[in-house]
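Reviewing the structure listed below.
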Ligand code: RM4
């Protein structure tokens, strides 16, 4: 019960990593607010799972690419839950596409959702935390892709590198308020974001073969690292990045 009495906000909470972290935070005693884009059923299911654990939960619809969404989400969460202690900026897209013919709108959308959305969500949460005067924690779901490339991810990997860098700079800007800023760098985690890509048996075998722990990740693999960074166990951790990738990043040969 590492998050008792804490209010945890998660963007992209209707499925995948965001859903897992939202429910995992509730298991550790947190009340939770989730943002979601269009998966009403998924959001409702996540809220029900949290309430079944005896914790309060609220789901707020909004496109994180719209800067106004951040203030609305944080404001609603603060009103319903009574404050904001943790923001997990998770919402993201990765529509795989080749580089030379990358459509401008696809590039722009990916930047606006992943990086701009993460920036404005963390900024809105930090403003609320500063007004509360009791510190807090920002956790950006970056990626192994902040550190290495992907042929069909030229629009995506810079956003993940940007989120990692954002946490480093925000850690400096917010340390005086006791707001810690860290990023998680998931490896290849089986979610909707890569279901189509990994449906290719050769691609899936290639990805699995480079993971020392011998399997692709699942969303629940991110819960422990996220709860750690959100909790007082990480009270002296800020500006850090934690790979959660089964060893994929270090495995050259
Ligand atoms: C992650 C990483 C994974 C990919 C997903 C879509 O950051 O690149 O390998 O499957 O994105």
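Residue numbers (the numbering used here): 6 to 258.
Backbone N, C-alpha and C fix where the C-beta goes; we use that ideal spot for every residue, glycine too.
These figures come from a predicted structure and were not determined experimentally.
Residue closest to residue i, alpha-carbon to alpha-carbon, out of the options
i, options, result
"residue 154", "131, 142, 104 and 240", "104"
"residue 152", "22, 192, 199 and 108", "192"
"residue 157", "144, 81, 208 and 184", "208"
"residue 102", "227, 201, 136 and 117", "201"
"residue 195", "106, 172 and 250", "250"
"residue 168", "137, 97 and 180", "97"
"residue 224", "90, 91, 26 and 19", "26"
"residue 160", "121, 176, 115 and 136", "115"
"residue 255", "150, 185 and 163", "150"
"residue 245", "221, 175 and 212", "175"
"residue 13", "258, 99, 142 and 47", "142"
"residue 217", "183, 257, 182 and 11", "257"
"residue 136", "166, 179 and 29", "179"
"residue 164", "138, 206, 45 and 100", "100"
"residue 260", "187, 83 and 229", "Because the chain is modelled from 6 through 258, residue 260 falls outside the range shown and cannot be assessed."
Close beta carbons around residue i, own chain, < 6 angstroms, minus the five adjacent residues each side
i, result
"residue 3", "This structure does not reach residue 3, given that the chain is present from 6 up to 258, and the question cannot be answered."
"residue 130", "79, 89 and 92"
Check: residue i C-beta below 7 angstroms from any heavy atom of ligand 3
i, result
"residue 202", "Absent from the structure shown: ligand 3. Ligands present: ligand 1."
Own chain partners of residue i with C-beta closer than 7 angstroms, once the 5 adjacent residues on each side are dropped
i, result
"residue 7", "33, 232, 236 and 238"
"residue 124", "171"
Cβ-heavy atom distance, residue i to ligand 1, below 7 angstroms
i, result
"residue 113", "no"
"residue 158", "yes"
"residue 155", "yes"
"residue 199", "yes"
"residue 208", "no"
Short Cβ contact (8 angstroms threshold) for residue i with residue j
i, j, result
"residue 40", "residue 69", "yes"
"residue 22", "residue 234", "no"
"residue 146", "residue 94", "yes"
"residue 197", "residue 35", "no"
"residue 126", "residue 16", "yes"
"residue 190", "residue 248", "yes"
Beta-carbon contacts of residue i that lie in its chain and below 8 angstroms, excluding the five residues immediately before and after
i, result
"residue 204", "none"
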